[in-house]
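Participant:
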Amino acid sequence: MSRPLVTAGPAIASLEQRSDSLLILDIDEVVLEFIAPFGALLEEHGARLHPESFKLTGNVRSISTGTALTGHELDQLTVRLYEEQETRQRPVAGVSDTLHQLARRTDILFLTAMTPSYYDVRRALLDREGLAYPMIATERSKGAVVTELRERWRGTSIFVDDLPPNLALVRKSAPDTHLLHLMANDVFRQYLPALPTGARAATNWQEASIIIDEILGAVA
Numbered sequence: 001m002s003r004p005l006v007t008a009g010p011a012i013a014s015l016e017q018r019s020d021s022l023l024i025l026d027i028d029e030v031v032l033e034f035i036a037p038f039g040a041l042l043e044e045h046g047a048r049l050h051p052e053s054f055k056l057t058g059n060v061r062s063i064s065t066g067t068a069l070t071g072h073e074l075d076q077l078t079v080r081l082y083e084e085q086e087t088r089q090r091p092v093a094g095v096s097d098t099l100h101q102l103a104r105r106t107d108i109l110f111l112t113a114m115t116p117s118y119y120d121v122r123r124a125l126l127d128r129e130g131l132a133y134p135m136i137a138t139e140r141s142k143g144a145v146v147t148e149l150r151e152r153w154r155g156t157s158i159f160v161d162d163l164p165p166n167l168a169l170v171r172k173s174a175p176d177t178h179l180l181h182l183m184a185n186d187v188f189r190q191y192l193p194a195l196p197t198g199a200r201a202a203t204n205w206q207e208a209s210i211i212i213d214e215i216l217g218a219v220a
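1 is the number of the first residue of the sequence shown in the UniProt record's numbering; add one for each residue after it.
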């Protein structure tokens, strides 16, 4: 029998609603840097990222032997990063000022697939950086969560993520949600899978803010 999927953070029904519109943001590589601090952690453990496809498995190799790290080894290093994220992860350039501006026009929610047990650590990091918007960390499909959010926020919804498969899940579950791809680090950009039809793309928060403003303005 499979265990129930875990979610940490406020219940959707308890979230404060000040606007009809909602901006839903993934965190790693959208709000907080992930690839750069993960690369630094790899170096500390004698490994290095050699991207040849859009995944970590098979693309991280031992510096001394050239052998690819196993999925289990990568999982252990990801856990280490999440455990130490308060000292390793930093906000993506431009995100703080942009969100402070956007918060005047739309509600904002962080939605992350990070292991929910690290919720308190990440909450403390975001609060320290002045990013005190509500956060949900979940093992559930992001598409399912966005569908539930849309039951409360009936106006414009925008979903921002660095992984095209997550954008596709939201497109399938909540087809009226606007999709935006944003990946702060460009290491994997040339290997990106195709985005869902109609999804927009930005390479930084300056570009993302223009797109989000256009979407919010078009339906104002």
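Note that CB positions come from ideal geometry on N, CA and C, so glycine has one too.
With C-beta atoms as the reference, is residue 178 less than 8 Å away from residue 157?
Facilitator: Translated into positions along the sequence shown, residue 178 becomes position 178. Translated into positions along the sequence shown, residue 157 becomes position 157. Yes; because the gap between Cβ atoms is below 8 Å, this pair is in contact.
Participant: Please report the Cβ distance between residue 181 and residue 167, rounded to the nearest whole angstrom; I am assuming they are in contact, meaning their Cβ atoms lie under 8 Å.
Facilitator: As a first step, residue 181 must be located in the sequence shown, where it is residue number 181. As a first step, residue 167 must be located in the sequence shown, where it is residue number 167. With a Cβ gap of about 6 Å, residue 181 and residue 167 count as contacting.
Participant: Can you check whether the CB of residue 107 is closer than 8 Å to the CB of residue 17?
Facilitator: The residue labelled residue 17 in the question sits at position 17 within the sequence shown. The residue labelled residue 107 in the question sits at position 107 within the sequence shown. For residue 17 and residue 107, yes; Cβs fall inside 8 Å.
Participant: Once the 5 residues before and after residue 40 are set aside, which same chain residues still bring their CB inside 8 Å of it?
Facilitator: The sequence position of residue 40 within the sequence shown is 40, counting from 1. If we look at residue 40 and ignore the five residues flanking it on each side, its Cβ neighbours are 88.
Participant: Go through its chain and collect everything with a Cβ distance to residue 90's Cβ below 6 Å, but skip five positions before and after it.
Facilitator: Translated into positions along the sequence shown, residue 90 becomes position 90. Once the five neighbours on either side are set aside, the close Cβ partners of residue 90 are 33.
Participant: To which residues does DSSP link residue 7 through a beta bridge?
Facilitator: As a working mapping, residue 7 is identified with position 7 in the sequence shown. 138.
Participant: Starting from residue 158 and walking both ways along the alpha helix (DSSP H), at which residues does that stretch end?
Facilitator: What you label residue 158 is simply residue 158 of the sequence shown in a count that begins at 1. Residue 158 -> not in any alpha helix (DSSP H); beta strand (DSSP E) instead, spanning 157 to 161.
Participant: In whole angstroms, what separates the C-alpha of residue 79 from that of residue 150?
Facilitator: On the sequence shown, position 79 is the one that residue 79 refers to. On the sequence shown, position 150 is the one that residue 150 refers to. Using only the alpha carbons, I get a separation of about 31 Å.
Participant: Could you give the residue range of the alpha helix (DSSP H) that holds residue 126?
Facilitator: Against the sequence shown, residue 126 aligns to sequence position 126. Residue 126 -> alpha helix (DSSP H) spans 119 to 128.
Participant: What did DSSP end up calling residue 108 once you bin it into helix, strand or coil?
Facilitator: Translated into positions along the sequence shown, residue 108 becomes position 108. Of the three classes helix, strand and coil, the one that applies to residue 108 here is strand, per DSSP.
Participant: Ignore the nearest five residues each way along the sequence and tell me which others in residue 220's own chain have a CB closer than 8 Å to its CB.
Facilitator: Taking the sequence shown and counting its residues from 1, one reaches residue 220 at position 220. Because the pLDDT at residue 220 is just 48, under 50, the model does not fix this residue reliably, and the value given afterwards should be weighed accordingly. Taken in chain order, the list of residues that qualify is empty.
Participant: Quick check on the DSSP output: the beta strand (DSSP E) that includes residue 62 runs from which residue to which?
Facilitator: Walking along the sequence shown from the start, residue 62 turns up at place 62. From DSSP, the beta strand (DSSP E) with residue 62 extends over 60 to 62.
Participant: Nearest to residue 111 by CA position, among 194, 24, 11, 68, is which residue?
Facilitator: Position 111 of the sequence shown, counted from the start, is the residue given in the question as residue 111. Checked all of 194, 24, 11, 68; the closest Cα to residue 111 is 24.
Participant: Residue 222 to residue 184, Cα distance in whole Å?
Facilitator: What the structure shows of the chain is the stretch from 1 to 220, and residue 222 is not part of that stretch, so it cannot be assessed.
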